[in-house]
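Single-structure report; data block below.
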Amino acid sequence: MATTSKTSWADDVDELEQPRLPKIEETVDENGVRTTIEYTVNDEGKKVKVTRKIKRVLQKAVVEHAVAERKTWAKFGKEKGNKPGPDRATTTVGENVTLKLTAGNKATEPEPSEDQNIKANLAKAGAGKVTCRLCKGDHFTAKCPYKDSLAGLDGAETPPIGDEDGLGVAEAAAPVPAGPSTGGKYVPPSMRAGAGARPGEAMGRPGGNRDDLPTLRVTNVSEDTSDNDLRELFGSFGRVVRVYIGRDRETGIGKGYAFVSFEEKAVAEKAMAKVHGMGYDNLILNCQWSQPREAR
DNA sequence: GTTGAGCGA
954 MATTSKTSWA
964 DDVDELEQPR
974 LPKIEETVDE
984 NGVRTTIEYT
994 VNDEGKKVKV
1004 TRKIKRVLQK
1014 AVVEHAVAER
1024 KTWAKFGKEK
1034 GNKPGPDRAT
1044 TTVGENVTLK
1054 LTAGNKATEP
1064 EPSEDQNIKA
1074 NLAKAGAGKV
1084 TCRLCKGDHF
1094 TAKCPYKDSL
1104 AGLDGAETPP
1114 IGDEDGLGVA
1124 EAAAPVPAGP
1134 STGGKYVPPS
1144 MRAGAGARPG
1154 EAMGRPGGNR
1164 DDLPTLRVTN
1174 VSEDTSDNDL
1184 RELFGSFGRV
1194 VRVYIGRDRE
1204 TGIGKGYAFV
1214 SFEEKAVAEK
1224 AMAKVHGMGY
1234 DNLILNCQWS
1244 QPREAR
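Position 40 of the first sequence, counting from 1, maps to 993 under the working numbering, and the rest follow consecutively.
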């Protein structure tokens, strides 16, 4: 339905655009107060006059030379002949956005979002630090130097399952106390507190972890040597507790070294003497005592 | 060339 006499949509544009263009007068007085008076037409078609006074706080201007120099350039195009600086009627001055290049993005996170703040506050107690659950030192529990002596002293007592009837477990518990709970998990008797010895010792084996075992570092191992090969080789001297072959994590190819842990130091010593310098898979094996990983 | 993986608050 044609209701207008317009011949071109461009007329519409003219009529719409014309009144919208705000007229702005701008003055700056001797105190540095900038006054802008803006005339616009609002939605109801009424003329509106908006006066803004902006007081600039004077500060020692630190301006880059190149920037200062640019200000004096003659304007061109529609701004030709205008005074220096941006004309607020035509130009919006936004905030400076600076791009910072840093190595990694963790150290200079700009401003934590709100929920990050909440999380940070929740974590305040620990303040991002690690506290040993056994000795309260600032290392992980697993690395606690006292973990052998303190392990099992933590936590609340939990009655054993099936003790609701008051019979059974509690009665039989006299000789071997249930000991501190480990969170409902089964704990073999040898591992329970009060068992007297540490797990390995109960079996007549020294030490609880690999760093207590007499361990040889074997280097110049060919890359297709398997831990079974080494078990066979070293097993002839005595019990081999553990064999580890250093491999590339991605490819799984041997990196040429291995660790062999024995039960007895004397056996390890003998094995070292025999194997060191021994030819194996076209290479000559090299055997030395291994330093515990942490000691290095 | 050659001294171990992984778990975690």
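Backbone N, C-alpha and C fix where the C-beta goes; we use that ideal spot for every residue, glycine too.
query	result
Any idea what DSSP makes of L1052, helix, strand or coil?	coil
Quick one: residues in its chain with C-beta nearer than 7 Å to the C-beta of N1173, no 5 flanking neighbours on either side, listed in chain order?	G1209, L1236, I1237, L1238, N1239
Just to confirm the assignment, what range does the alpha helix (DSSP H) spanning N1181 have?	1180-1188
Could you check how far apart the C-beta atoms of K1006 and V986 are, in whole angstroms? I think they sit under 8 Å.	6 Å
Kindly indicate which three-state DSSP category E979 falls into: helix, strand or coil?	strand
Go through its chain and collect everything with a Cβ distance to M1225's Cβ below 6 Å, but skip five positions before and after it.	L1169, C1240
For R1202 and L1052, I'd like the C-alpha separation in whole angstroms.	37 Å
Given that a residue counts as buried once 16 or more other Cβ atoms are within 10 Å of its Cβ, and exposed if not, what is A1150?	Note on A1150: pLDDT 45, under 50, position unreliable in the model; the coordinate value appears next. Classification for A1150: exposed.
What residues in its chain sit with their C-beta under 7 Å from that of P1037, if we drop five residues either side in the sequence?	K1024, T1025
Taking the alpha carbon of G1030 as the point to measure from, which residue in D1165, T1043, K1223 has its own alpha carbon closest?	T1043
In its own chain, which residues sit with a C-beta less than 8 Å from the C-beta of R1192, not counting the 5 before and 5 after it?	F1215, E1216, E1217, V1220
Looking only at its chain, what residues have a beta carbon closer than 6 Å to the beta carbon of G1207, apart from the 5 residues adjacent to it on each side?	E1176, I1198, R1200
What number of angstroms, rounded off, separates the C-alpha of F1190 from the C-alpha of R1184?	10 Å
Since L1236 sits in a beta bridge, which residues does DSSP pair it with?	Y1233
In its own chain, which residues sit with a C-beta less than 8 Å from the C-beta of L1186, not counting the 5 before and 5 after it?	V1228, Y1233
Among A1027, C1088, E978, which has the Cα closest to the Cα of Y1099?	C1088
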